[in-house]
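By the count of numbering that gives the first Met the number 0, the sequence shown reaches residue 878 at its end, each step adding exactly one. All C-beta atoms in this analysis are idealised placements derived from N, C-alpha and C, irrespective of residue type, glycine included. From a predicted model like this one, the values you see are computed outputs, not experimental measurements.
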Amino acid sequence: MSEGLATGREEGEEDEAEVVSVRMRDEGNTAVMNSAVSITVFILLTTAIAIMTGVGAEVDVCASCHANATCEDKTDGTGGKVCNCMYGFVGNGRTHCQDKDECQLGRICGDHSTCHNTHGSYYCTCVSGYTPTNHKAVFIPNDGTYCHDVDECEVENICGEGGVCMNKEGDFSCTCQIGYTVQKGFEPFQPLRDKAYCEMVDCGAPPVVQHAVQLSPSNTHYGSTVQFGCADGFVWRNGVNTTVCGPDGRWSGPSLHCEAVNCSEPRLFPHSHHLWSGSSQLGSVVHYVCHVGFYNAGTQSTSVCSALGRWSAIDFRCREIQCGIPLPLPHSVVLWDGHSKIGSRVLYACETGYHSVGEGDISVCNSSGHWTKTHVTCEEIQCGEPSMLPHSGRIWNGNVRFNSTVIYYCMEGYYPAVGKNKSVCSENGSWTKPTLLCREIECGVPPSFPHAVMLWTGLSKIGTEVRHKCDDGFYNAGTEDMSVCNSRGMWSLPRFACQEVDCGTPPPLAHTLLSWDGSSTLGSVARYECEAGYHSRSTQCVSVCSSDNQWSTVHLHCQAYCGPTPLLAHSQVLWENSTVVVHRCIKGYYSRTGSDMSVCDTTGRWQVATLRCREVRFGVRGLAMFNQRCLQWNTEAEHSGAREQYRVSFIGERLFDHSFSDSQRKLFSSAALHPVVCLNLQPATNYTITVTAQSTGDTATVTANTSIPVPSTPEVRYSEVDAHLPMLRLRRAPSTLDPICAYQVIVLPVEGMLVFDCGLSLLTRSSEQGGCRGEYVAAQLELRGLGTDVNFTLGNRQLYGQFYNAPLESGKDYYIILRTVCHWKQMRKQSCVIWAKALGASYASEMSALVTFGSIGVVGVLCIMGYCCSCFEVLRCRS
Numbered sequence: 000m001s002e003g004l005a006t007g008r009e010e011g012e013e014d015e016a017e018v019v020s021v022r023m024r025d026e027g028n029t030a031v032m033n034s035a036v037s038i039t040v041f042i043l044l045t046t047a048i049a050i051m052t053g054v055g056a057e058v059d060v061c062a063s064c065h066a067n068a069t070c071e072d073k074t075d076g077t078g079g080k081v082c083n084c085m086y087g088f089v090g091n092g093r094t095h096c097q098d099k100d101e102c103q104l105g106r107i108c109g110d111h112s113t114c115h116n117t118h119g120s121y122y123c124t125c126v127s128g129y130t131p132t133n134h135k136a137v138f139i140p141n142d143g144t145y146c147h148d149v150d151e152c153e154v155e156n157i158c159g160e161g162g163v164c165m166n167k168e169g170d171f172s173c174t175c176q177i178g179y180t181v182q183k184g185f186e187p188f189q190p191l192r193d194k195a196y197c198e199m200v201d202c203g204a205p206p207v208v209q210h211a212v213q214l215s216p217s218n219t220h221y222g223s224t225v226q227f228g229c230a231d232g233f234v235w236r237n238g239v240n241t242t243v244c245g246p247d248g249r250w251s252g253p254s255l256h257c258e259a260v261n262c263s264e265p266r267l268f269p270h271s272h273h274l275w276s277g278s279s280q281l282g283s284v285v286h287y288v289c290h291v292g293f294y295n296a297g298t299q300s301t302s303v304c305s306a307l308g309r310w311s312a313i314d315f316r317c318r319e320i321q322c323g324i325p326l327p328l329p330h331s332v333v334l335w336d337g338h339s340k341i342g343s344r345v346l347y348a349c350e351t352g353y354h355s356v357g358e359g360d361i362s363v364c365n366s367s368g369h370w371t372k373t374h375v376t377c378e379e380i381q382c383g384e385p386s387m388l389p390h391s392g393r394i395w396n397g398n399v400r401f402n403s404t405v406i407y408y409c410m411e412g413y414y415p416a417v418g419k420n421k422s423v424c425s426e427n428g429s430w431t432k433p434t435l436l437c438r439e440i441e442c443g444v445p446p447s448f449p450h451a452v453m454l455w456t457g458l459s460k461i462g463t464e465v466r467h468k469c470d471d472g473f474y475n476a477g478t479e480d481m482s483v484c485n486s487r488g489m490w491s492l493p494r495f496a497c498q499e500v501d502c503g504t505p506p507p508l509a510h511t512l513l514s515w516d517g518s519s520t521l522g523s524v525a526r527y528e529c530e531a532g533y534h535s536r537s538t539q540c541v542s543v544c545s546s547d548n549q550w551s552t553v554h555l556h557c558q559a560y561c562g563p564t565p566l567l568a569h570s571q572v573l574w575e576n577s578t579v580v581v582h583r584c585i586k587g588y589y590s591r592t593g594s595d596m597s598v599c600d601t602t603g604r605w606q607v608a609t610l611r612c613r614e615v616r617f618g619v620r621g622l623a624m625f626n627q628r629c630l631q632w633n634t635e636a637e638h639s640g641a642r643e644q645y646r647v648s649f650i651g652e653r654l655f656d657h658s659f660s661d662s663q664r665k666l667f668s669s670a671a672l673h674p675v676v677c678l679n680l681q682p683a684t685n686y687t688i689t690v691t692a693q694s695t696g697d698t699a700t701v702t703a704n705t706s707i708p709v710p711s712t713p714e715v716r717y718s719e720v721d722a723h724l725p726m727l728r729l730r731r732a733p734s735t736l737d738p739i740c741a742y743q744v745i746v747l748p749v750e751g752m753l754v755f756d757c758g759l760s761l762l763t764r765s766s767e768q769g770g771c772r773g774e775y776v777a778a779q780l781e782l783r784g785l786g787t788d789v790n791f792t793l794g795n796r797q798l799y800g801q802f803y804n805a806p807l808e809s810g811k812d813y814y815i816i817l818r819t820v821c822h823w824k825q826m827r828k829q830s831c832v833i834w835a836k837a838l839g840a841s842y843a844s845e846m847s848a849l850v851t852f853g854s855i856g857v858v859g860v861l862c863i864m865g866y867c868c869s870c871f872e873v874l875r876c877r878s
């Protein structure tokens with residue numbers, strides 16, 4: 000039977016359920032047999048007793064039924080019982096019921112199947128290549144189930160790589176796809192019986208093309224494509240630059256034709272001339288220079304002959320010198336006609352609420368392309384501190400600027416009788432006068448309530464209290480008894496109502512009988528006495544209805560007679576009375592299951608608690624964390640010596656990076672009473688850490704937040720650069736802390752002795768609003784998404800974050816400092832490195848000096864060459 004169940008099994012859990020049902024049927028038959036034996040013994044005893052007592056009884060037919068039979072009513076109308084064998088058995092129902100072998104009844108399971116007989120039943124399985132239609136390993140055909148063909152092609156990759164499956168009745172076969180050929184056999188083939196398989200077509204190494212190089216990786220299988228490109232110094236003129244591996248194992252040849260690069264003569268730009276050697280081959284360079292009176296408004300001045308046979312496009316534009324948009328002054332308005340040529344003028348006027356201080360409110364565009372600096376400033380109008388009014392307070396934020404507002408209000412116990420409560424700082428530097436008048440509040444006579452008296456001093460000012468009290472025989476059905484004179488000049492209405500005392504029905508007491516006439520008014524009496532079988536040591540058995548609407552407490556405890564308190568091993572009594580005892584384990588022992596309460600029942604016996612106390616070995620108590628990565632706890636064991644196995648699990652998350660997760664588990668053993676373990680935790684992470692003692696399952700959890708480390712500085716190369724748009728470079732390694740970190744580019748003027756604090760908070764956004772030494776933040780670059788190699792142009796007039804990258808002032812030297820700053824929660828760490836030094840000499844001056852010294856050098860070389868030629872001619876004539 001086990002072999003039959005194993006063949007063709009596809010859904011194991013349902014098969015096991017059917018086999019279990021068959022076993023349960025066998026066990027049920029055994030149980031019926033045992034029950035029948037018991038019934039037979041009972042009938043014999045009953046018959047013997049009836050004979051002894053002279054009482055006659057009919058024979059019990061059901062008691063004589065076989066163990067595998069059932070007792071049923073006769074169907075011929077004569078009445079009485081008859082024994083019939085159960086389904087799957089044959090016999091007379093009384094002396095024998097033997098198993099019926101259904102598998103001998105022809106092809107009972109159908110085609111492509113195998114029959115298996117069981118005790119009282121049978122089941123069927125399918126042969127190889129077929130499966131039951133009920134999708135189970137076994138079946139009974141009476142529900143319509145039969146064996147049908149298995150589609151082996153549904154099994155993924157049954158024919159191997161490149162194979163195509165074709166299903167047959169009870170079998171399958173394979174062929175190869177296009178681009179694959181059969182190996183070690185012929186098509187079609189059966190991989191479970193044959194050794195044949197499909198192998199991908201391989202074309203070998205791709206062809207070689209003159210003056211060209213292979214661009215894409217060389218994959219030589221069917222359908223692979225290889226791309227070619229012209230070598231350096233050559234350009235693609237015509238032809239196809241790809242080759243493909245075909246199904247015949249050959250490459251389709253590329254027709255790429257490469258010619259040598261020639262860029263011809265470079266172009267000219269307006270208002271400029273170029274410096275060119277005359278060469279137009281690959282890599283040749285031409286440099287463009289603007290005429291006097293013009294400047295390069297673009298970002299490039301050099302063009303290079305590229306591999307495409309064209310000069311590289313550059314951003315080079317010569318424009319007439321202009322001063323641009325005049326600089327704004329704080330709290331001022333610019334009066335300007337929009338012209339920025341040399342000699343254009345700009346007038347500055349202060350905004351409303353400000354007045355001018357100083358002289359020189361006009362700026363002029365000069366020949367250097369800059370606006371002249373003005374010496375006027377706009378200072379804010381201030382009104383000083385506002386005045387106070389009698390019996391009033393004021394709402395004021397401390398601002399004394401123009402249009403600032405002060406709101407006046409009456410103090411507690413006063414109300415606004417008349418006037419305005421607002422004062423405003425005016426243009427003349429003084430506050431407007433408020434007219435608010437505050438008068439004292441009074442509430443008058445307080446309210447009264449039925450069946451109550453009022454306790455009042457006669458005063459009616461704000462804050463005065465009046466207490467209300469119910470008459471005798473009444474009680475306060477509300478929750479309050481106090482009226483207060485409030486700031487609105489009214490008495491507050493308490494939740495107060497006097498109702499006649501009614502104690503209701505007396506409360507029931509356990510194991511007592513109540514004697515009561517039904518009255519529940521003040522002074523009514525209820526009497527208690529113990530039920531039969533109970534007694535009480537107390538004689539106080541009367542309860543009286545009191546003025547607080549409650550029956551007085553009766554100290555009557557009716558107890559059964561159960562004897563001394565039961566004792567449990569390794570436990571002590573926590574609480575007891577004569578009927579209930581609560582137990583608990585003594586120190587050094589614990590219990591996980593069982594009841595801790597013993598109860599005296601009505602029969603006078605103790606229902607003893609099922610508490611079982613076991614010795615405590617190791618626990619986890621007082622779990623704490625120190626040094627941000629180490630744990631310590633108390634085991635509460637009586638002594639050390641034995642080692643305990645602990646499991647430490649921790650999960651870390653970051654709110655600023657939802658993709659980050661640090662989940663780890665650590666096992667270790669220790670015999671210490673206060674174990675210590677240190678973990679490898681990630682910085683800037685919220686952790687939940689759980690420690691479990693393996694022997695007792697005792698568990699404790701703690702949460703922790705790790706700090707952020709000092710950020711590492713990127714790889715920079717210190718250099719001295721020109722102050723005119725210098726290009727600075729750095730190389731960095733990405734980090735998981737990038738979302739909370741940023742680079743700050745700090746510009747520090749070189750003046751006298753320099754002292755720079757890397758931890759200084761610089762919030763300035765331009766060179767005109769710098770620190771005490773003129774330092775300022777020129778840019779802030781967030782590290783999230785920033786590449787490995789970073790190029791930064793200083794002074795390009797762009798916004799980086801909230802900081803403006805202003806041009807460096809001509810004629811001054813600066814140190815450029817790169818600061819790495821990381822913020823997380825309340826923590827902030829930073830590190831600094833000197834990036835470069837920007838020199839103040841102008842770019843045009845350096846270029847003029849370079850051209851001058853170059854010209855002098857060329858003239859000197861020509862003179863030396865002329866002198867050498869003359870000497871050579873003289874020597875030749877003499878010879």
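CA-to-CA distance, residue j to residue i, given in whole angstroms
{"i": "residue 597", "j": "residue 557", "result": "17 Å"}
{"i": "residue 880", "j": "residue 722", "result": "Since the displayed the chain opens at 0 and closes at 878, residue 880 lies outside it and no answer follows."}
{"i": "residue 69", "j": "residue 82", "result": "6 Å"}
{"i": "residue 497", "j": "residue 465", "result": "16 Å"}
{"i": "residue 133", "j": "residue 126", "result": "15 Å"}
{"i": "residue 861", "j": "residue 281", "result": "30 Å"}
{"i": "residue 858", "j": "residue 264", "result": "28 Å"}
{"i": "residue 40", "j": "residue 63", "result": "Residue placement at residue 40 is poorly supported in this model, since its pLDDT is 35, which falls under 50; the coordinates still yield a value, given next. Their Cα atoms are separated by approximately 11 Å."}
{"i": "residue 331", "j": "residue 376", "result": "8 Å"}
{"i": "residue 363", "j": "residue 328", "result": "15 Å"}
{"i": "residue 288", "j": "residue 712", "result": "39 Å"}
{"i": "residue 551", "j": "residue 469", "result": "21 Å"}
Pair within 8 Å by beta-carbon distance, residue i and residue j
{"i": "residue 381", "j": "residue 400", "result": "yes"}
{"i": "residue 835", "j": "residue 720", "result": "yes"}
{"i": "residue 421", "j": "residue 406", "result": "yes"}
{"i": "residue 612", "j": "residue 675", "result": "no"}
{"i": "residue 423", "j": "residue 402", "result": "yes"}
{"i": "residue 147", "j": "residue 129", "result": "yes"}
{"i": "residue 489", "j": "residue 467", "result": "no"}
{"i": "residue 837", "j": "residue 812", "result": "yes"}
{"i": "residue 670", "j": "residue 736", "result": "no"}
{"i": "residue 909", "j": "residue 655", "result": "Residue 909 cannot be examined here, being either before or after the span of the chain that is shown, 0 to 878."}
{"i": "residue 573", "j": "residue 594", "result": "no"}
{"i": "residue 619", "j": "residue 699", "result": "yes"}
{"i": "residue 528", "j": "residue 511", "result": "yes"}
Where residue i sits in the DSSP three-state scheme
{"i": "residue 797", "result": "coil"}
{"i": "residue 103", "result": "helix"}
{"i": "residue 49", "result": "Residue placement at residue 49 is poorly supported in this model, since its pLDDT is 38, which falls under 50; the coordinates still yield a value, given next. DSSP places residue 49 in helix when its eight states are reduced to three."}
{"i": "residue 860", "result": "helix"}
{"i": "residue 141", "result": "helix"}
{"i": "residue 855", "result": "helix"}
{"i": "residue 540", "result": "coil"}
{"i": "residue 303", "result": "strand"}
Residues bridged to residue i (per DSSP)
{"i": "residue 703", "result": "686"}
{"i": "residue 438", "result": "414"}
{"i": "residue 392", "result": "408"}
query = What beta strand (DSSP E) runs, 3 residues minimum, are completely inside the segment 706 to 775?
reply = With a minimum length of 3 residues, the continuous beta strand (DSSP E) runs that stay inside the segment 706 to 775 are 718 to 721, 726 to 730, 740 to 748.
query = Which runs of the alpha helix (DSSP H) fall wholly inside the segment 544 to 598 and span at least 4 residues, in chain order?
reply = As far as the segment 544 to 598 is concerned, it has no whole alpha helix (DSSP H) run of at least 4 residues.
inquiry  = If we require 3 or more residues per run, which beta strand (DSSP E) segments fall completely within the segment 102 to 181?
reply    = Correct list: 112 to 117, 120 to 125, 129 to 131, 146 to 148, 162 to 167, 170 to 175.
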